[in-house]
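Colleague: In my numbering, the protein residues as written are 400 to 797.
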C-alpha cells in the first residue's frame, strides 16, 4: 500500500546546484558551480585554539542546551556590526541565530506563507529561496530587474494589482545569481512601498562584507519606518560555512514568531559552534580576516572578467560585480546553457545553468559562474575551454 505524503512534497525538487556539486567533488573538475568559499582561507589554527579555550573555560556550558534565540554575546556582536555597517538600529533581542541564512528563509515561509499566497522577487533570484518558499504552497511573481535592482514602477504595479502578497524577497548587495547591487534610491523606494502596502521584506545579505571596490551602501532596513523589513546574514562567507551559523534580525514582535517556529524545528543552533565563533570575534580582528578574503576574491574576479573578455564571443553579455561570489552570463536567445554544460562536463568544467533561478518562465540562455573557489590558473583555463564550447554552439546555431 502506497504512503500518502504531504502536498508540499509535490512542490519540491532536488537543488540543481547540489546535484551538480556531486559531479564536481572530483579534484580534476574545474568547478564554477557552487557558491563555495576558498577553503585555504578558513582560519583553521585560530578555530583550533578557540575550541580549546572554550572547552577549558566553559566546557560544560558549551556542551549544554542553550536558548532558542542563540548565544547572547554573539547576538550582541551581530546587532552592533549591522548597526555600524548597514545603518540599522538593532539590539540583541532583535536577532535570532539560525542554521545558516538558509534556515532563516525556511522559517520565513513558516511565519508568513499560506498556500496560495504570493511572493514578489527579483528576476532572476536565489534558487534555494525559491525552494524554501515553494514548500509552503506560494506562487511567485518576478519583478523586472535591471542593474540597479527591481524596477519600482513594476513593483508597485504588482503590489497594487495582486491579492495576498505576503512577502518581498530581495538580495540587494552582490545578488545571487547576477552579482548586481541595488542603488541607494531603489533601496529607499522598496522600504517606502513595503510600508505603504503593509508587506514584509526579507533582505538577504550573505555577501555584503565582500566588497572589492566602491562604497558600502546602507541596507533597505535602514529606511524602514514600519518595522516590516527583516535582514538575514551569515558567517559562511566570512568565516566558514561548516559551522552553519547565520541569523535573521527584525522587529522583536516578528522575531518572537520566528523563535516559536524554530522551537518546532530544532530547538536551537549548535551551542559549541556559537561560543567558539564568539570567542574568535572577541580575540581576533575579523576585519583583517575579511580583508584577506576580499584580496583573494577580487584577484579571482579580475581573472574571471579578463578571461571572459578574452575568450568569450562579443555577443555574450556578463556582469562585472563589485563584490560577492558570482558573475552572470547571458547568451543569445535560443542557445541552451544546459546543452553547453553537458559538453563542458565532458571536459571537466562545471557551472550552474540559469533556468532554475527563475521561478516561473525559465530563461535557459543564462548561467551563473562562481569565481571564489578556484585558483587563478584554473579559472583562466576553465573559462578558455568554456569559451570554446560557447563558440561551437553559436556556430551550430547560425
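Just so it is clear, CB atoms sit at the ideal spot from N, CA and C, and this is done for glycine as well.
Less than 8 Å between the CB atoms is what I'm expecting for residue 625 and residue 582, so what's the real figure, rounded?
Modeller: Numbered from its first residue, the chain shown carries residue 625 at position 226. Numbered from its first residue, the chain shown carries residue 582 at position 183. Not quite, the Cβ-Cβ distance comes to about 21 Å (not below 8 Å), so this is no contact.
Colleague: Do the stretch 548–565 and the stretch 600–612 touch if we need at least three Cβ pairs shorter than 8 Å?
Modeller: No contact exists between the stretch 548–565 and the stretch 600–612.
Colleague: Using 8 Å as the Cβ pair cut-off and three pairs as the minimum, do the stretch 764–780 and the stretch 427–441 touch?
Modeller: Yes, the stretch 764–780 is in contact with the stretch 427–441.
Colleague: Near residue 748, which residues of its chain fall below 6 Å by C-beta distance, leaving aside the five closest residues on each side in sequence?
Modeller: Walking along the chain shown from the start, residue 748 turns up at place 349. 429, 781, 784, 785, listed in sequence order.
Colleague: At which residues does the beta strand (DSSP E) containing residue 496 begin and terminate?
Modeller: As a position in the chain shown, residue 496 is number 97, starting the count at 1. Taken as a continuous stretch (DSSP letters only), the beta strand (DSSP E) holding residue 496 covers 494–498.
Colleague: Quick one: what's got a C-beta closer than 6 Å to residue 607's C-beta in the same chain, skipping five residues either side?
Modeller: In the chain shown, counting from the first residue as 1, residue 607 sits at position 208. Excluding residues within five positions, the ones whose Cβ falls inside 6 Å are 572.
Colleague: Count the other CB atoms within 10 Å of the CB of residue 466; is the residue buried (16 or more) or exposed (fewer)?
Modeller: Against the chain shown, residue 466 aligns to sequence position 67. That one is exposed.
Colleague: Taking contact to mean 3 or more Cβ pairs, one atom from each stretch, closer than 8 Å, check whether the stretch 637–650 and the stretch 483–500 are in contact.
Modeller: With a cut-off of 8 Å, the stretch 483–500 and the stretch 637–650 count as touching, because enough Cβ pairs lie within range.
Colleague: Would you kindly work out how many angstroms separate the C-alpha atoms of residue 677 and residue 485, rounded to a whole number?
Modeller: Residue numbering aside, residue 677 sits at position 278 when the chain shown is read from its first letter. Residue numbering aside, residue 485 sits at position 86 when the chain shown is read from its first letter. Those two C-alpha atoms are separated by around 20 Å.
Colleague: To the nearest angstrom, how far is it from the Cα of residue 619 to the Cα of residue 745?
Modeller: Here residue 619 is taken as the residue at index 220 of the chain shown, counted from 1. Here residue 745 is taken as the residue at index 346 of the chain shown, counted from 1. About 43 Å.
Colleague: If residue 504 sits next to residue 528, beta carbons under 8 Å apart, how far is it from one beta carbon to the other, in whole angstroms?
Modeller: Here residue 504 is taken as the residue at index 105 of the chain shown, counted from 1. Here residue 528 is taken as the residue at index 129 of the chain shown, counted from 1. Contact holds; Cβ gap of about 5 Å.
Colleague: Would the beta-carbon of residue 706 fall within 8 Å of that of residue 779?
Modeller: The count along the chain shown starts at 1 and reaches residue 706 at position 307. The count along the chain shown starts at 1 and reaches residue 779 at position 380. A contact, by the Cβ cut-off of 8 Å.
Colleague: Taking 8 Å as the cut-off, does the stretch 725–740 touch the stretch 682–692 (at least 3 CB pairs, one atom from each stretch)?
Modeller: No: fewer than three Cβ pairs fall under 8 Å.
Colleague: Buried or exposed: where does residue 543 fall if 16 or more other Cβ atoms within 10 Å of its Cβ makes it buried?
Modeller: Mapped onto the chain shown, residue 543 falls at position 144. Exposed, since its Cβ has fewer than 16 Cβ neighbours within 10 Å.
Colleague: Under DSSP, the beta strand (DSSP E) around residue 633 begins and ends at which residues?
Modeller: Sequence index remark: in the chain shown, residue 633 carries index 234 (1-based). Element bounds for residue 633: 628–633.
Colleague: Note down, in chain order, each residue of its chain lying with its Cβ closer than 7 Å to the Cβ of residue 697, except the 5 sequence neighbours on either side.
Modeller: Counted from its first residue, the chain shown places residue 697 at position 298. The answer, listed in chain order, is 611.
Colleague: Rounded to whole angstroms, what is the Cα-Cα separation between residue 454 and residue 475?
Modeller: Taking the chain shown and counting its residues from 1, the one referred to as residue 454 is at position 55. Taking the chain shown and counting its residues from 1, the one referred to as residue 475 is at position 76. About 22 Å.
Colleague: Reducing DSSP to helix, strand and coil, say where residue 798 ends up.
Modeller: As shown, the chain starts at 400 and ends at 797. That puts residue 798 outside it, with no answer to give.
Colleague: Kindly indicate which three-state DSSP category residue 734 falls into: helix, strand or coil?
Modeller: Here residue 734 corresponds to residue number 335 of the chain shown, with the count starting at 1. Three-state result, residue 734: coil.
Colleague: In chain order, what residues of the same chain have a beta carbon less than 6 Å from the beta carbon of residue 805, not counting five sequence neighbours either side?
Modeller: The structure shown does not extend to residue 805, since the chain spans only 400 to 797, so no value can be given for it.
Colleague: Alpha carbon to alpha carbon, how far is residue 519 from residue 557? Give it in angstroms, no decimals.
Modeller: The sequence position of residue 557 within the chain shown is 158, counting from 1. The sequence position of residue 519 within the chain shown is 120, counting from 1. Spanning the two alpha carbons is a distance of roughly 8 Å.
Colleague: Name the DSSP beta bridge partners of residue 646, please?
Modeller: Position 247 of the chain shown, counting from 1, holds the residue named residue 646. Note: residue 646 sits in a beta bridge opposite 496, 632.
Colleague: Going by DSSP, name the residue or residues bridged to residue 752.
Modeller: For the purposes of this step, residue 752 is taken as residue 353 along the chain shown, with counting starting at 1. Partner(s): 766.
Colleague: Going straight from the alpha carbon of residue 566 to that of residue 443, what length do you get?
Modeller: Within the chain shown, the letter at position 167 stands for residue 566. Within the chain shown, the letter at position 44 stands for residue 443. Rounded to the nearest angstrom, the two C-alpha atoms are 39 Å apart.
Colleague: Go to residue 568, then tell me how far its beta strand (DSSP E) extends in each direction, as first and last residue.
Modeller: Taking the first residue of the chain shown as 1, we reach residue 568 at position 169. 564–569 is the extent of the beta strand (DSSP E) around residue 568.
Colleague: Could you tell me which residues DSSP puts in a beta bridge with residue 603?
Modeller: One-based indexing of the chain shown puts residue 603 at position 204. Residue 603 is bridged to 631.
Colleague: In terms of DSSP beta bridges, what is residue 549 paired with?
Modeller: Numbered from 1 along the chain shown, position 150 holds the residue referred to as residue 549. In the DSSP output, where bridge partners are listed per residue, residue 549 has 544.
Colleague: Hey, how far is the Cα of residue 605 from the Cα of residue 737?
Modeller: Taking the chain shown and counting its residues from 1, the one referred to as residue 605 is at position 206. Taking the chain shown and counting its residues from 1, the one referred to as residue 737 is at position 338. C-alpha separation (whole angstroms): 27 Å.
Colleague: Between residue 576 and residue 523, is the Cβ-Cβ spacing less than 8 Å?
Modeller: Against the chain shown, residue 576 aligns to sequence position 177. Against the chain shown, residue 523 aligns to sequence position 124. Yes.
Colleague: Cβ atoms of residue 704 and residue 719: under 8 Å apart, would you say?
Modeller: If you number the chain shown from 1, residue 719 lands on position 320. If you number the chain shown from 1, residue 704 lands on position 305. Their beta carbons are under 8 Å apart, which means residue 719 touches residue 704 by this criterion.
Colleague: I'd like the span of the alpha helix (DSSP H) that includes residue 728, first residue to last.
Modeller: Translated into positions along the chain shown, residue 728 becomes position 329. That residue, residue 728, is in no alpha helix (DSSP H); its beta strand (DSSP E) goes 725–729.
Colleague: Tell me which residues share the same chain as residue 426 and place their Cβ nearer than 6 Å to its Cβ, disregarding the 5 neighbours each side in the sequence.
Modeller: As a working note, residue 426 is residue 27 in the chain shown. Excluding sequence neighbours, residue 426 sits near nothing in its chain.
Colleague: Excluding the 5 residues flanking residue 712 on each side, which residues of the same chain have their C-beta closer than 8 Å to its C-beta?
Modeller: Here residue 712 corresponds to residue number 313 of the chain shown, with the count starting at 1. Same-chain partners within the cutoff: 786, 789, 790, 793.
Colleague: Expressed to the nearest angstrom, what Euclidean distance is found between the alpha-carbon atoms of residue 517 and residue 633?
Modeller: As a first step, residue 517 must be located in the chain shown, where it is residue number 118. As a first step, residue 633 must be located in the chain shown, where it is residue number 234. If I take the Cα positions, the gap works out to 26 Å.
Colleague: Do residue 661 and residue 506 have their beta-carbon atoms positioned less than 8 Å apart in this structure?
Modeller: Here the question's residue 506 lines up with position 107 in the chain shown. Here the question's residue 661 lines up with position 262 in the chain shown. Yes, these two residues count as a Cβ contact at 8 Å.
Colleague: Given a cut-off of 8 Å on the beta-carbon distance, is the pair residue 481 and residue 668 in contact?
Modeller: Sequence index remark: in the chain shown, residue 481 carries index 82 (1-based). Sequence index remark: in the chain shown, residue 668 carries index 269 (1-based). Cβ distance not < 8 Å, so residue 481 and residue 668 don't count as in contact.
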